Amino acid sequence: MKKAGYATCLWVLVGGALTFATAVPAGHVDAAENSEDCQDTVLQIPDGTYSVMHYDFKEKEVFNIFASPGIVTDIRLQEGEKVMGAPYIRDTDNWSFIMKNCAKPDMEHQHILLTAKYSGITSMMEIVTDKRTYQLHLHSYDGAYVQTVKWNYTTPSKKNDSVAERIVN
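According to full-length UniProt numbering, the residues represented by the sequence shown are 1 to 169, in order.
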């Protein structure tokens with residue numbers, strides 16, 4: 001486990017599968033800004049202390065993201081997938097995010113670290129990558145949140161050339 005600032009980048013064993021996580025103590029909104037490259041470490045965490053949401057990715061589906069004020073929710077994209085421009089978030093006054101790259105020896109992995117300012121707020125977020133577009137409905141609650149969100153990809157990704165060209169130009 002590597003600690004940098006308040007953030008800890010680690011691999012968590014959840015249901016027999018390794019899952020990447022950025023663990024940040026409550027109240028440290030800026031902790032993600034202090035994290036550096038992530039080290040691979042396996043850590044078994046008792047049930048109930050860590051939550052991972054796995055979605056099956058489907059085009060044009062809106063995915064619910066549950067956050068809690070001051071706690072970072074790690075939105076984990078597919079290995080090798082690259083974000084094209086800054087993600088769009090409707091309510092920038094009450095939601096913030098930081099984009100981070102964690103490099104493995106053979107592959108780069110992008111993360112979007114999301115934080116809500118208050119409880120009881122919602123917003124929309126859109127992330128456009130070189131492979132797909134994610135549409136997210138953000139919800140914030142006190143004490144009820146998911147620490148990591150990731151997707152299962154059952155169909156081959158389509159290259160997002162038309163969207164990428166509009167963002168770049």
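Idealized CB from N, CA, C, for every residue including glycine.
Note that this is a predicted model, so its numbers are computed, not measured.
query: 7 Å Cβ cutoff met for Ile-65 and Leu-113; result: no
query: Span of the beta strand (DSSP E) around Asp-56; result: 52 to 56
query: Touching by the beta-carbon criterion (3+ pairs, under 8 Å), the segment 99 to 108 and the segment 66 to 73; result: no
query: Helix, strand or coil at Met-107 according to DSSP, with G and I counted as helix; result: coil
query: Enclosing beta strand (DSSP E) for Asn-94 [first to last residue]; result: Per DSSP, Asn-94 belongs to no beta strand (DSSP E) and is neither H nor E.
query: Member of Met-125, Glu-81, Ile-121 and Gly-80 whose CA lies at the smallest distance from the CA of Phe-97; result: Met-125
query: Buried versus exposed, by CB contacts within 10 Å (16 or more), Thr-154; result: exposed
query: Continuous beta strand (DSSP E) stretch holding Gln-135: start and end; result: 133 to 140
query: Helix, strand or coil at Thr-155 according to DSSP, with G and I counted as helix; result: coil
query: From Ser-51, His-54, Asp-56 and Gln-78, residue whose alpha carbon lies closest to that of Val-128; result: Gln-78
query: Reduced DSSP secondary structure (H/G/I, E/B, other) of Ser-68; result: coil
query: Buried versus exposed, by CB contacts within 10 Å (16 or more), Thr-115; result: buried
query: Where Ser-119 sits in the DSSP three-state scheme; result: coil
query: Own chain, CB closer than 6 Å to Gly-63, minus 5 neighbours either side, in chain order; result: Checking the sequence, you will find Phe at residue 63 rather than Gly. For Phe-63, where only same-chain residues beyond five positions count, the Cβ hits under 6 Å are Tyr-55 and Leu-136.
query: Euclidean distance between Cα positions of Ser-119 and Ala-103; result: 33 Å
query: Beta-carbon separation (whole angstroms), Lys-150 vs Arg-76, contact threshold 8 Å; result: 4 Å
query: CB contact flag (Thr-148, Asp-91, <7 Å); result: no
query: Opening and closing residue of the beta strand (DSSP E) in which Thr-73 lies; result: 73 to 76
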